Every structure is written in C-alpha cells, then in structure tokens.
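Asker: There's a structure below that I have some questions on.
In our numbering, the protein residues as written are -1 to 465.
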C-alpha cells in the first residue's frame, strides 16, 4: 500500500511550506517516526517524521520548492505492500495522521530498481571515469548514509557537510560526529561561515567558487523561478555563500515588512542603576531557588507589558479593515541562532510576575538553542523585545515583525557620569532603549509616550520591589 505524504501545516496561520532538505532518497528505507524531510515556513523549521515504515518510492516536491499545506510531497510504499496492486478502499484507521493519504485510485507503479554497482569500480574505491561511475557512487553513497545516525546527519546539515565526501573513522568506515566536525573545521567555506555567524549574519557556507565554476549549468538550474539571473559574478576573488531556506524566508519577511509598514524610530536612555542593583542582589538566591539565571530581560519585559496596558495601540496590528487591537499581550523575544533567527513568544506575559517571565523566557531560549521550538511557541506575538545589548550594541533600528506595531530593544548597560539631583555628577548604569513602530497605526506622540512610560517604570524599579 502506498502512502502519500502531504505538506504539513506547521501553525494555525501557515498556508504553505518549503521543502528545505530531503533526508532520504528514492529507494531508501524509512522507519515509522523517522525524520525523512525537513520543511521550512516563515515561522518554524521542522523535521517531518514518516507516518509508516516502508520505502521512499517518489519525491514529488524538490528541495527549495514551496507548495500549499496539504499538497502531496512524497510517496512511501509501506513494508509488505505489493507493488502494482490496487488496494481496496477502506475507512481510515482510528488515530491515523491527517498527512496520510492513501493513493488507492490508480495502480501503483513498482519502484525503480536500485542501480547496480559498476563492475569497473576500482579495488581501492576510486570511481571509473565512465557514466556508470555516477550510478555506482550514488548507490555507495545511499548505502553509507543508511548507517549514519540522525544526530550525525543533523550535524552535517548544520555545518553544510556532504556526508558522502567525508571519510569515516568509525566501525566499518562509518561517519561519526568527530568526522563531521573535523571536515567543518577545514576549508575556506567553513572559515567564512564561522566569521559571518560570529556577526549574527546567520548564513550557512555551502559551495566553493570552484564547485560553481565546474558546474555552471547546475547553478543555473537551481535558481528560483523568476530570478533575474542564476549566479552573481564579481571580478574580485572570493566565495559565494549560499542562502539557507531559513535565511531566504527571513529576508523575504523583512523586505515585506520594510516595504509595507512605514517604519519610524525613536529612543530614550534609561537609568537602570537601582533596578540593576536589585537584580545583582537577588540573582544568586534566585538561581538557587529557581534553577535558572536571573537576567535583566524579565525586569524590562515586565515594564513593557505594564506600559502596553496604558498604550494599547502599541499592542495592535494594521489590517485592511482597520486597526486590530489585541486583547492578549504576547511578547516575542528575538533569539539569534547559527543559521537562523527565531522569535518565540511568551504568551499572556502581562499576567506573569518577573519570576514567571524569567521562567518562560529561559524555557523558550533553551528550546530555541536545542532546536526544539514548535509552531505553537512561535505564533501569536503581538509585540517584540530584542536584547541587542547582549552583543554590546548601544543603538539599534530593528525592522518590525510582520503583523505587529512595535519592537523595542534593550541596548548594552554601561556606566557613565550623569548629572543627578542638585546638579551633582554621579556614575550611573545607563541603557539606551530604541523603538521601531508602524506609523500607520500610531503617531510619534503615542510611541514616544509609550517609550517614556517604559523608561519611568524601569527607573522606578528597586530593591523594595517584588519579584
């Protein structure tokens, strides 16, 4: 029996998905619940598990293609099925996945036989120069990949390493995590990616210029539909850093936001001396009692949600029908990762104390770094807080996440001499806070009033407060 796998809906508002990478090839065996394809949307990247055990017969949607949710993307022949037989229609089994659609309307064509290894393959493993070498190499590559653990496959994808090109040092030549890390540490592509990721560029190094030069037709065919040109030519020596599917989606959403919402920007400086002292006084006992570190982020978010209650238009969204004011206050927190940028959401943040916000934020950041965020963790954000100061920034002009009116930053906390009461000069802990806003929804008076209110609330925090 054949099972047609469809594009899953990774989130209630998601209407399409992109096949980022196939983890299996046609002819490969697939175990039930084993990840066999990676799918990307504008909200989340996720590995899709197989609903059945069988053989991947056909890939319908190629890597990089975007299709609506529910569209067929692959066909798996279940173990024990008879190729060519037409199964009788039957009611779906209780508890079956909605992505399992049985192709029962037409006879099932038998899967293509796996290509036999070329008899001309050299004893030392080198490939002959005729056309059969490619078929033999593909078969050998598929056979090797079957013995590689999912964790090693993921590590290879994260470092953009072709497993087939790595010499394994494990049992029977199996590729191990150490082999992938060793391959990633070598070569200019890895060095370039490491440099860019250090600057939060979130790119993934993929193919060197020499590879592109040797296969210009492949580079051209890989260009997206409607692209003005397939490759970028620069007379200066360098290297092309290919775009990951996540980076493409981020770029698309940022361009849409920038072109759609008229951005405006404003800033205040906040004296966080008392709040910072409060946090420093409580952090050790807090970590012992709660098992998580107490950062300044939950203090700032608490002030933000209190100000959103006073300025509800900052918690709104522009629509064609009018300005939609959200009843819930769901705060997105930007988390920079290698190769991606996630904005998980603290739901109903206005109902949480500083301690509650700390627990929620730490849990989401931990899930993001472990690659465990789900669609529910990323949906429904109504306002965004970005801790740009974690990297030492003192001034930022962030782009609005689509569907929101404001994004506020926490810049680096630095000590500066300031004029205080009675014209005295004192050393104070100061932090800039920047706000980008959708000028269609709010004018400068509302935005600056909101930001001034956040400043007032943070400056009022101190050791006498309650966590």
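The beta-carbon is built from N, C-alpha and C at its ideal position, and this holds for glycine as well.
Here the structure is a predicted model, which means the values were calculated and not measured.
Report the CB separation of residue 295 from residue 359 in whole angstroms; it is logged as a contact under 8 Å.
Answerer: In the chain shown, counting from the first residue as 1, residue 295 sits at position 297. In the chain shown, counting from the first residue as 1, residue 359 sits at position 361. Going by Cβ atoms, the distance from residue 295 to residue 359 rounds to 6 Å, so yes, they are a contact pair.
Asker: DSSP state of residue 250, grouped into three classes?
Answerer: Sequence index remark: in the chain shown, residue 250 carries index 252 (1-based). It is helical.
Asker: Tell me where the beta strand (DSSP E) around residue 431 begins and ends.
Answerer: Indexing the chain shown from 1 puts residue 431 at position 433. Residues 423 to 436.
Asker: Taking all protein chains shown into account, decide if residue 404 is buried (16 or more other Cβ within 10 angstroms of its Cβ) or exposed.
Answerer: Against the chain shown, residue 404 aligns to sequence position 406. So residue 404 counts as buried.
Asker: For the pair the segment 381 to 397 and the segment 361 to 368, tell me if three or more CB-CB distances fall below 8 Å.
Answerer: No, because fewer than three Cβ pairs between the segment 381 to 397 and the segment 361 to 368 fall closer than 8 Å, the two stretches do not touch.
Asker: Should residue 17 go down as buried or exposed, given a rule of 16 or more other Cβ atoms within 10 Å for buried?
Answerer: Position 19 of the chain shown, counted from the first residue, corresponds to residue 17. So residue 17 counts as buried.
Asker: Closer than 8 Å is the cut-off here; do at least three beta carbon pairs connect the segment 445 to 456 with the segment 295 to 308?
Answerer: The segment 445 to 456 is in contact with the segment 295 to 308.
Asker: Helix, strand or coil: how does DSSP classify residue 280 here?
Answerer: Along the chain shown, one-based indexing puts residue 280 at 282. Residue 280: helix per DSSP, three-state reduction.
Asker: Secondary structure at residue 359, three-state DSSP: helix, strand or coil?
Answerer: Residue 359 sits at position 361 when you count from the first residue of the chain shown. It is helical.
Asker: If distances are taken between C-alpha atoms only, which option among 399, 181 and 263 comes closest to residue 155?
Answerer: On the chain shown, position 157 is the one that residue 155 refers to. Nearest of 399, 181 and 263 to residue 155, Cα basis: 181.
Asker: Helix, strand or coil for residue 464? Go by DSSP, reduced to three states.
Answerer: In the chain shown, counting from the first residue as 1, residue 464 sits at position 466. DSSP places residue 464 in coil when its eight states are reduced to three.
Asker: Could you give the DSSP three-state label for residue 349: helix, strand or coil?
Answerer: Locating residue 349 in the chain shown gives position 351, where the first residue counts as 1. Residue 349 falls in the helix class under three-state DSSP.
Asker: Please identify the residue among 397, 328 and 62 whose C-alpha is closest to the C-alpha of residue 243.
Answerer: Position 245 of the chain shown holds residue 243. Nearest C-alpha to residue 243: 62.
Asker: Please report the distance separating the alpha-carbon of residue 347 from that of residue 236.
Answerer: Against the chain shown, residue 347 aligns to sequence position 349. Against the chain shown, residue 236 aligns to sequence position 238. For residue 347 and residue 236, the distance between alpha carbons rounds to 47 Å.
Asker: Is residue 266 closer than 9 Å to residue 427 when the C-beta atoms are compared?
Answerer: In the chain shown, residue 427 corresponds to position 429, counting from 1. In the chain shown, residue 266 corresponds to position 268, counting from 1. No; because the gap between Cβ atoms is not below 9 Å, this pair is not in contact.
Asker: Is it true that the CB of residue 315 sits closer than 9 Å to the CB of residue 322?
Answerer: For the purposes of this step, residue 322 is taken as residue 324 along the chain shown, with counting starting at 1. For the purposes of this step, residue 315 is taken as residue 317 along the chain shown, with counting starting at 1. Going by C-beta atoms, residue 322 is nearer than 9 Å to residue 315.
Asker: Straight-line CA distance for residue 439 to residue 172?
Answerer: Within the chain shown, the letter at position 441 stands for residue 439. Within the chain shown, the letter at position 174 stands for residue 172. Cα to Cα, the separation comes out at about 58 Å.
Asker: For residue 255, count neighbouring Cβ atoms within 10 angstroms of its own Cβ and tell me buried if that reaches 16, exposed if not.
Answerer: Indexing the chain shown from 1 puts residue 255 at position 257. That one is buried.
Asker: Give me, in chain order, the residues of the same chain whose beta-carbon lies closer than 8 Å to that of residue 281; leave out the 5 immediate sequence neighbours on both sides.
Answerer: For the purposes of this step, residue 281 is taken as the residue at position 283 of the chain shown. Hits under 8 Å: 291 and 292.
Asker: My assumption, with CB atoms under 8 Å, is that residue 31 sits in contact with residue 6. Please give the rounded CB distance.
Answerer: As a first step, residue 31 is located in the chain shown; it is residue number 33 there, counting from the start. As a first step, residue 6 is located in the chain shown; it is residue number 8 there, counting from the start. Actually they do not touch by this definition, with Cβ atoms about 14 Å apart.
Asker: I'd like to know whether the C-beta atoms of residue 445 and residue 264 end up nearer to each other than 9 Å.
Answerer: Reading the chain shown from its first residue, position 447 is the one you call residue 445. Reading the chain shown from its first residue, position 266 is the one you call residue 264. Yes, Cβ-Cβ distance for residue 445 and residue 264 is below 9 Å.
Asker: Would you mind sorting residue 29 into buried or exposed? The rule is 16 or more other CB atoms within 10 Å of its CB.
Answerer: Stepping through the chain shown from its first residue, residue 29 is reached at position 31. By the 10 Å Cβ count, residue 29 comes out exposed.
Asker: Look up residue 457 in the DSSP assignment and say whether it is helix, strand or coil.
Answerer: Taking the chain shown and counting its residues from 1, the one referred to as residue 457 is at position 459. If DSSP states are grouped into helix, strand and coil, residue 457 belongs with the helices.
Asker: Kindly indicate which three-state DSSP category residue 61 falls into: helix, strand or coil?
Answerer: In the chain shown, the residue the question calls residue 61 occupies position 63. Reduced to three states, the DSSP call for residue 61 is coil.
Asker: Who are the Cβ neighbours of residue 285 in its own chain at under 8 Å, not counting the five residues just before and after it?
Answerer: Stepping through the chain shown from its first residue, residue 285 is reached at position 287. Closer than 8 Å at the Cβ level, and outside the excluded window around residue 285, lie 291 and 292.
Asker: Note down, in chain order, each residue of its chain lying with its Cβ closer than 6 Å to the Cβ of residue 387, except the 5 sequence neighbours on either side.
Answerer: On the chain shown, residue 387 is found 389 positions in, with the first residue counted as 1. Taken in chain order, the residues that qualify are 408, 409 and 410.
Asker: Taking just the CA atoms, how far does residue 340 sit from residue 245?
Answerer: Sequence index remark: in the chain shown, residue 245 carries index 247 (1-based). Sequence index remark: in the chain shown, residue 340 carries index 342 (1-based). Approximately 11 Å between the Cα atoms of the pair.
Asker: By DSSP's criteria, residue 54 is part of a beta bridge. Which residues make up the other side?
Answerer: On the chain shown, position 56 is the one that residue 54 refers to. 74, per the DSSP bridge assignment.
Asker: Would you identify the three-state DSSP class for residue 262, choosing helix, strand or coil?
Answerer: Here residue 262 refers to the residue found at position 264 when the chain shown is read from its first residue. Strand, per DSSP.
Asker: With a threshold of 6 Å on Cβ separation, who are the neighbours of residue 261 within its own chain once the five nearest residues in sequence on each side are excluded?
Answerer: Along the chain shown, one-based indexing puts residue 261 at 263. If we look at residue 261 and ignore the five residues flanking it on each side, its Cβ neighbours are 434.
Asker: What are the start and end residues of each continuous beta strand (DSSP E) run of 3 or more residues lying completely inside the segment 268 to 317, in chain order?
Answerer: Listed in chain order, they are 314 to 317.
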